[in-house]
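The sequence shown begins at 4 in the working numbering and counts up by one.
As structure tokens, the structure follows; a few thoughts come after it.
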Amino acid sequence: MNDLKLIEAAPEYAGQLWQFRKEVFEYDPDDGNRFGGCMSIESANSAEEWIEMCRMRKSAATCKQAGADVPSTTYFAVRKSDDRLVGVIDLRHHINHPILGTWGGHCCYTVRPSERGHGYAKEMLRLNLQNVKALGLNKVLVTCYPSNKASEKVILSNGGVYEKTVIIDGIRIQRFWIDIVNNGTVEISDMELSNVSEYAELFVSVFNAEPWNDSWTKETAQIRIENMMKTGTFIGKALYADNDLKGIIWGQKERYYNGTHFHIQEFCVKTSEQNKGYGSALLKALEKTLSEIGVVNIFLITSKGEKAEGYYSKRGLTASYSMIMMTNHSFC
Ligand SMILES: CC(C)(COP(=O)(O)OP(=O)(O)OC[C@H]1O[C@@H](n2cnc3c(N)ncnc32)[C@H](O)[C@@H]1OP(=O)(O)O)[C@@H](O)C(=O)NCCC(=O)NCCS
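Shown next, in the form of structure tokens:
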């Protein structure tokens with residue numbers, strides 16, 4: 004999409020801005036969070052007054068007079084073909100602030116209701132990442148409520164990596180980081196059977212190398228993965244960066260007497276792409292899905308004393324005190 008541009012909030016769009024505000028009020032009469040990225044627009048007396056406040060918020064010297072502790076820039080998303088204002092997005096210049104650093108984040112956005120569902124928010128955030136780069140930031144925090152699935156998709160499609168959910172005054176807020184340095188096209192999606200051949204190639208390349216030195220062939224790996232994907236209890240995630248598969252993680256849901264458990268069966272990141280955060284991003288994405296479906300326990304089997312054991316313990320998993328894995332020694 005290249006029919007959209009971001010321009011700094013400017014008086015020539017005052018008329019359209021007021022229409023945008025009216026549309027949002029009418030569409031979401033009862034939602035206190037209907038205006039993302041439009042700080043205090045609800046209480047402004049006129050579009051001109053609000054645009055002037057945006058101007059004052061740009062500078063550390065004047066932002067406090069305009070009600071903001073931290074300087075920020077507000078952008079209008081304008082469709083180039085007909086000069087229509089379709090949305091508003093802001094960018095805080097830093098989040099060294101107790102609220103912004105915890106749940107406010109660097110930016111927020113609103114698309115006018117009549118223009119939603121056309122990919123504009125995704126494009127607005129993508130364009131705003133260029134402003135982030137220009138500001139010299141390496142990563143940005145973007146947050147949303149778990150119920151705001153549209154906003155979550157917007158963040159994920161821009162390379163947002165789920166970090167954690169915080170609870171503020173009883174309300175759950177999801178935190179996502181977008182890494183500007185490596186950003187662009189990192190995407191985590193559910194594993195799909197049509198891509199099994201690609202997964203098998205990655206699997207073989209990782210596990211036939213150090214420290215495992217297994218003897219997989221593409222065929223045996225593909226049979227293993229395909230069988231596991233067809234169970235009906237399978238959940239798996241694949242991470243792509245620059246359209247290249249970098250890692251996969253998968254396992255099975257298991258009904259237990261105290262709820263649903265999840266068994267992580269395989270997890271691998273391309274050998275040359277390890278230590279770049281892809282593994283953590285995959286694990287977090289899987290954990291998020293599992294928490295959404297109410298999984299109460301995650302478990303896995305991994306080699307004792309190897310790198311993998313340390314990796315998992317760093318990420319909060321511990322060896323079970325009550326269970327051991329037993330074998331007839333056909334496993335090495
Ligand atoms: C969130 C918001 C900005 C999205 O704007 P938009 O222009 O509709 O977003 P896009 O079209 O770029 O992308 C929306 C994605 O969410 C999906 N989506 C929309 N509603 C959804 C829902 N209820 N459940 C799941 N997905 C949903 C769309 O299908 C689309 O995904 P797809 O492209 O993979 O199909 C808009 O809903 C809005 O302005 N909301 C009010 C303010 C707000 O909540 N801001 C975010 C604060 S964090």
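Quick reminder that beta carbons are idealized off the backbone N, C-alpha and C, glycines included.
All values reported here derive from a predicted model rather than from experimental measurement.
Asked	Found
Exposure label - Gln336; buried when at least 16 CB within 10 Å	Limits of the chain in this structure are 4 at one end and 335 at the other, which puts residue 336 out of reach.
Asn131 (DSSP reduced to helix, strand or coil)	helix
Residue environment, Glu155, which counts as buried when at least 16 other CB atoms sit within 10 Å	buried
Three-state secondary structure (DSSP) of Asn230	helix
CA nearest to the CA of Tyr353, picked from Phe265, Val207, Arg24 and Val91	Absent from the model: residue 353. The displayed extent of the chain is 4 to 335, so no value can be given.
Ligand 3 heavy atom lying under 7 Å from the CB of Ser154	Because ligand 3 does not appear in the structure shown, any question about it cannot be addressed here, the ligands present being ligand 1.
Proximity test, Val189 beta-carbon vs ligand 1 heavy atom, cut-off 7 Å	no
Short Cβ contact (8 Å threshold) for Ile301 with Phe265	yes
Terminal residues of the beta strand (DSSP E) in which Ile183 lies	From DSSP, Ile183 is part of no beta strand (DSSP E); its letter is neither H nor E.
Cα-Cα separation between Arg82 and Ala124, rounded to whole angstroms	12 Å
Where Gly345 falls, given that 16 or more other Cβ within 10 Å makes a residue buried	Because residue 345 is not part of the residues shown, which for the chain are 4 to 335, the question remains open.
Secondary structure of Gln277, DSSP reduced to three states	coil
His109 Cβ short of 7 Å to ligand 1 heavy atom set	no
Three-state class that DSSP yields for Ile304 in the structure shown	coil
Minimum length 3: unbroken beta strand (DSSP E) runs contained in the region 49 to 133	75 to 82, 87 to 95 and 112 to 114
CB of Gly239 within 8 Å of CB of Met194, strictly	yes
Boundaries (first-last residue) of the beta strand (DSSP E) holding Arg258	Asp247 to Tyr259
Bridge-paired residues (DSSP) for Val169	Ile176
CB contact flag (Leu128, Val157, <8 Å)	yes
Same chain only: Cβ atoms within 8 Å of Val199, ignoring 5 sequence neighbours per side	Gln225, Ile228, Glu229 and Met232
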